[in-house]
Amino acid sequence: MNTQPLPQLGVIGWPLHRTFSPAMFAAALAGAEAGAGAGWRYEAIPVTPPDLARFITRASAEMRGFNVTIPHKAAVSEACSTRDDLARACGAVNTVVCASRNGRKRLEGHNTDGPGLLRALLTRGGFDPKGENALIIGSGGAAAGCAAALAGSGAKRIMVVNRTHSRAADLAARLETVFPATEWFAADASGRPSDGVSQIGPIGLVVNCIPEEPASSLGGFLESISGGRQVFCDMSYSNALSALLTAARDAGYRLVPGLEVLLWQGVYGYEIMTGSPVPEKVMRDALTAVAGEWWLHC
């Protein structure tokens, strides 16, 4: 991390090879009224894990807020003075407000992964998780936020699938203490996860929460558990249809691209960090300008 003055807003992660958030937020800030983010800057800020503590100290003093992506969501959650209900439940923060209360600086943590997923599922897939069975691929911060949001919305059963079974089991066990009304399961993605999927019955939703490259090998798994018109959401995103989205489409899933989730994360995050709403179309148009139109029609 360099020593240049920090912007008012930004997104941190490592490595931060690709992020479309700056384009969305720049468009929103360009139309902001005085006192609601007018004149603010939003930038991508690569932060290595060893530099995270130093960044947090600087951000508390210099910034208004920041978004968080891989691999910092859990560590930032621990650094926050307060967290919203979802962030506290899942232990992952992706939106931070740098606040001053009674003369003291503090970080207020929020999770918009879950709300962004729910809004995208409703908008693009017409999907309501209440009473449904869902499968989550991954066990990191995004997976935790998505699983917690689905459980909080009434999902009946949720299975966490991960290459390391112990991590999947740990996440399922942790969330079970917060959401006991949902039945929790875990499976190992390095073996034959489809062997264990029958435990939870018909699956209405599959959400991928691991990066695009390792996820590309899961097409056969998606096909093996396809049972008709399930919804598939890929939280990873790029500027083209991924191999996994293509495999899911070919297997008959209804697709919800990760860019739709990113859009709603941005809409909710902007309001949290600036205190003012932003028209969804402003961010959607900006996202389309940098990522292309493919995701609007898949």
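Just so you know, we're using the numbering used here here: the sequence shown kicks off at 4 and counts up by one. Think of the CB as a built atom: it goes at the ideal place given N, C-alpha and C, for glycine as much as any other residue.
Exercise. Which first and last residues belong to the beta strand (DSSP E) in which LEU138 is found?
Worked result: 136 to 140
Exercise. Which residues bound the alpha helix (DSSP H) around ARG169?
Worked result: Checking the sequence, you will find Ser at residue 169 rather than Arg. Note, SER169: alpha helix (DSSP H), 168 to 181.
Problem set entry | As assigned by DSSP and simplified to three states, the class of VAL285 | helix
Problem set entry | Three-state class that DSSP yields for CYS93 in the structure shown | helix
For this session: Please state if the CB of SER84 and the CB of SER57 are separated by a distance shorter than 8 Å.
Result: Note on identity: in this sequence residue 57 is Arg, with Ser being the wrong assignment. The answer is no: Cβ separation not under 8 Å.
Exercise. What is the C-beta distance between CYS212 and GLY143, in whole angstroms, given that I count them as a contact (C-beta under 8 Å)?
Worked result: 7 Å
For this session: Check whether the Cβ atoms of GLY222 and ALA250 lie closer than 8 Å to each other.
Result: yes
Exercise. By how many angstroms is the C-alpha of TYR45 removed from the C-alpha of VAL285?
Worked result: 15 Å
For this session: Tell me LYS76's beta-bridge partners as DSSP assigns them.
Result: LYS76 pairs with nothing; no bridge assigned.
Exercise. Is it the case that the Cβ atoms of LEU153 and VAL200 are separated by a distance below 8 Å?
Worked result: no
For this session: Tell me the start and end of each unbroken beta strand (DSSP E) in the stretch 102 to 130 that is at least 3 residues and wholly inside, in chain order.
Result: 107 to 113
Problem set entry | the ligand MN heavy atom lying under 7 Å from the CB of ASP131 | Questions concerning the ligand MN fall outside what the structure shown contains, since it holds no ligand whatsoever.
For this session: Within the stretch 40 to 78, note down every full beta strand (DSSP E) run reaching 3 residues or more, in order along the chain.
Result: 45 to 49 and 68 to 71
Exercise. Any idea what DSSP makes of GLY13, helix, strand or coil?
Worked result: strand
Problem set entry | Those runs of the alpha helix (DSSP H) which lie wholly inside the stretch 215 to 288 and span at least 4 residues | 215 to 218, 222 to 228, 246 to 253 and 261 to 277
Exercise. With 16 as the cutoff for other CB atoms within 10 Å, does ASN70 come out buried or exposed?
Worked result: buried
Exercise. Can you tell me the Cα-Cα spacing of THR180 and ALA172, whole angstroms?
Worked result: 13 Å
Exercise. Who are GLU186's beta bridge partners in DSSP?
Worked result: ARG160
Problem set entry | Alpha-carbon spacing of SER229 relative to ARG166, whole angstroms | 20 Å
For this session: Please confirm if the stretch 257 to 276 is in contact with the stretch 122 to 136, defined as three or more CB-CB distances below 8 Å between the two stretches.
Result: yes
Exercise. Quick one: any contact between the stretch 22 to 31 and the stretch 272 to 289, if contact means 3 or more CB pairs under 8 Å?
Worked result: yes
Exercise. Alpha carbon to alpha carbon, what distance is there between ASN97 and THR115?
Worked result: 7 Å
Exercise. What are the boundary residues of the beta strand (DSSP E) that LEU208 is part of?
Worked result: 208 to 211
For this session: Using the Cα positions of GLU226 and SER220, report the straight-line distance between them to the nearest angstrom.
Result: 12 Å
Problem set entry | Rounded Cβ spacing between GLY13 and ILE48 (contact assumed at less than 8 Å) | 5 Å
Problem set entry | Reference GLU216, options SER245, GLY231, VAL209 and GLN202, closest by Cα | SER245
Exercise. If HIS20 sits next to VAL50, beta carbons under 8 Å apart, how far is it from one beta carbon to the other, in whole angstroms?
Worked result: Going by Cβ atoms, the distance from HIS20 to VAL50 rounds to 14 Å, so no, they are not a contact pair.
Exercise. Which whole-angstrom value describes the C-beta separation of ALA218 and SER239, a residue pair presumed to lie in contact below a C-beta threshold of 8 Å?
Worked result: 6 Å
Exercise. So PHE23 is in the alpha helix (DSSP H); what residue range does that whole segment cover?
Worked result: From DSSP, PHE23 is part of no alpha helix (DSSP H); its letter is neither H nor E.
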